[in-house]
Each structure stands twice: as C-alpha cells, then as structure tokens.
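Here the structure is laid out as structure tokens; the discussion comes afterwards.
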C-alpha cells in the first residue's frame, strides 16, 4: 500500500496550490446543437433533471442544472457522472475492446486526443494506448508516465482540478490493483480513502452510506451509458425521434438515486478531520491499533465542537419566529425578518447559524 500512501500524501500537498490556481468563474460556450439536444430530450422525458443529466453526461454541456440534481449527486458523491470523464471512456472501451484487435483499439482511441478540453478523457486514452503498446509494463509505472506527460502538455495549467482529481482517483485504482495479491475487493476502500482526502481538502462532509450507494449507482450507470450515447446519436441523425432506448432504464436508475439520497441523509454525514486523515495513513502502513485509537478520538466532543464559539446558544437570537420544524440534527426556525436559523445539536451545546 506504499504507492497509495504516496498518492494520498501528494494530493494533500498539491491541492492547496490547485485551489489558488483554479478559475471557477470561467464559463464554456454552449453550442446550438447541444441546446437543441437538451430541449428534444426535455420534450421526451418531461423531466428537467433527467434531460440535463442526459445531455451533460454525453456532451459535457450543462443547461439549467437544477439544484435538486446537484444535491442528489452530491449526497452520493457521484458528481463526476455529470461530465464526460475517464470513467465514461472506460465504460465504452469495456464494451467495444473485447471485439477489436490491437490496431483497431488504437484507431478508436485516436479521435479522443483531438478533442478540445476533456482532459480526463485524454488521460485515460493515453493510459489505454500505452497499455496496448506495452502490455507487459507495470500499470503503476504506466500511470506515472501518463501523469508526467499530462502535466507537461498542460492539463494542470488549463484544468488543475481535473488533473489533481484524476491523479487521486485513477492513482487509487491502479495502486490498489497493480499487484496480484491486491484484488478488486480493495477498490471501494481505496476510493473511500480518496474521497476522505477530497472532503478534508474541500472542508466538506462525507456521506459514508451515500458513498457506497454511489458506487452501486456508478456500476449500474455503466450499463446505461452506451444507450444514452445511442439516443443522442439517433436524435442527431433524426432517427427514432419518438423513442428513447435508455428512458426506462434511466428512470429506474433515477429512482435508485432518490432512494439512495434518502438513505444517505438518514444515516447522516461525518466531518473529516485531521485525526481521520492520520488514521487512513496509519492503516496504509498497517498500524491498525493506533489508527483505531485516532478514529475513536475523532468522535470525541473536542473535535465536534462548533468552529465559531459565537454560534453557541449564549448569543442573542431573534425570538419572533413564526414557524418551527424538527429535523434529524435539531430543528429549523423561520422568523419575521424573512430569515431562517438552523439549530444543530452538538456534544458541547447547540450550534446556531442564521441567514437574514
């Protein structure tokens, strides 16, 4: 597990620089043909979230993304499905490559390198190309070469988040499976460790149950994705315009996401603190007892106290509330100033945050 240790450590060291370098205000131009596809799908689904997801997953162009869709994907940690990535390319190659020879595989990968942006697709295409050309090479060494080439040719410069997330998750997969004694059973736990690194770096919470449901949803998505492409291809060619091959399966998959979101919220989220990060590194070097101690310490009251002491109950709060609603973590109050307060139970008191 030393390679995985180094990948996690490198991510934590590089990520602060990525946050400073990234420009989130950049907006891509949405082509007319993609807008037409979106509205055609909307007419067929009669569902804004599904038409947005279908269009974005295949074309990479997002139109009027509903907040509900973002919230569902975030609760299951599968936001990556909303943009064409290396995962999408891997799904296609897993369906096509068993029927193709070596040269035809290379020819199928060539068009990917001529796409504008889509750095994650190019990264996986390069890895698969090297794997085809040098099948006896160690996969971990090939991954290192891909990372260096990817960095040199500008992926880190133009899309730093794509680069660092690709390094983390792709590296986690390869570091877990490049040896015979490491099997696919380790993959969910290596990905969970990677997600913990992201949650800690981004200062967000982790839905553990939602994460594992998201893995199941991602596996099922691999069966649906080829049909999503087929539907858009037929719409472009004006064939079978009144029929969607993926509609029934995508609706069932969507219902699974809705159920998964409920379970994810029911079991709640945890905050990833430094003790959990240290415990993950200790597990990788097989200091299991010390790692267990750190995990127990991370649940102590000291580590769950509100970050801002002013948020505890001793501050002056508006009492003219007009509505109270109980929640799993406490309650919410609505006030005459058209504001809302969240009252969260903590081991050391009540954390209160208001927006007026």
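In the numbering used here, the protein residues as written are 20 to 375.
Where is the CB? At the ideal position from N, CA and C, for every residue including glycine.
Runs of the alpha helix (DSSP H) lying entirely within the region 101-128, each at least 4 residues long, are 105-115, 121-128 in chain order. Short of 8 Å from the beta carbon of residue 96, and not among the five residues preceding or following it, lie these beta carbons of its own chain, in chain order: 214, 225, 226, 229, 230, 233. Remark: C-beta atoms of residue 264 and residue 250 approach each other more closely than 7 Å. Rounded to the nearest angstrom, the gap between the Cα atoms of residue 138 and residue 341 is 51 Å. For residue 74, the uninterrupted alpha helix (DSSP H) segment begins and ends at 67-78.
Non-local beta-carbon contacts of residue 116 in its own chain, meaning distances under 7 Å to residues more than five positions away in sequence, involve 124 in chain order.
With contacts defined by Cβ atoms closer than 7 Å, residue 80 and residue 53 form a contacting pair. The beta carbon of residue 302 lies closer than 7 Å to those of 310 in the same chain, with the five residues before and after it left out. Looking only at 276, 60, 348, 195, the smallest Cα-Cα distance to residue 287 is reached by 348.
Nearest Cα to residue 316 within the set 177, 164, 296: 296. Take residue 98, set aside five residues on each side of it, and the residues of its chain with a beta-carbon closer than 8 Å to its own are 89, 92, in chain order.
Annotation: the continuous beta strand (DSSP E) that includes residue 343 extends over 340-346.
Between residue 34 and residue 220, the C-beta gap is smaller than 7 Å, which places the two residues in contact. Excluding the 5 residues flanking it on each side, residue 143 has same chain C-beta neighbours closer than 7 Å at 105, 108, 109, in chain order. The DSSP-derived three-state label of residue 219 is helix. Within a 10 Å sphere around the beta-carbon of residue 103 sit 16 or more other beta-carbons, which makes this residue buried. Taking each of 51, 156, 257, 183 in turn and checking the Cα distance to residue 217, the smallest one comes out for 183. Residues of the same chain with a CB within less than 6 Å of the CB of residue 49, apart from the 5 flanking positions on each side, are 80 in chain order.
Under the DSSP assignment, residue 351 falls in the beta strand (DSSP E) whose first and last residues are 349-354. Taking a 10 Å sphere around the C-beta of residue 169, we find 16 or more other C-beta atoms and assign the residue as buried. DSSP places residue 97 in no alpha helix (DSSP H); its state is neither H nor E. It is roughly 16 Å from the alpha-carbon of residue 150 to the alpha-carbon of residue 131.
Residue 165 sits away from residue 140, with the two beta carbons spaced by 7 Å or more. In this structure, 22 is the residue among 22, 65, 374, 259 with its C-alpha nearest to the C-alpha of residue 191. At least 7 Å separates the beta-carbon of residue 248 from that of residue 37. Take residue 290, set aside five residues on each side of it, and the residues of its chain with a beta-carbon closer than 6 Å to its own are 224, in chain order. Under DSSP, residue 289 forms a beta bridge with 225. Straight across, the Cα-Cα distance linking residue 276 with residue 185 is about 24 Å. In this chain, the alpha helix (DSSP H) harbouring residue 160 covers 158-171. Taken atom to atom, the span from the alpha-carbon of residue 361 to that of residue 355 is near 15 Å.
In the structure shown, residue 361 adopts extended strand secondary structure according to DSSP, grouped into three states. Scanning 318, 194, 260, 111 for the CA closest to the CA of residue 64 turns up 260.
DSSP, reduced to helix, strand and coil, places residue 195 within a helical segment of the structure shown.
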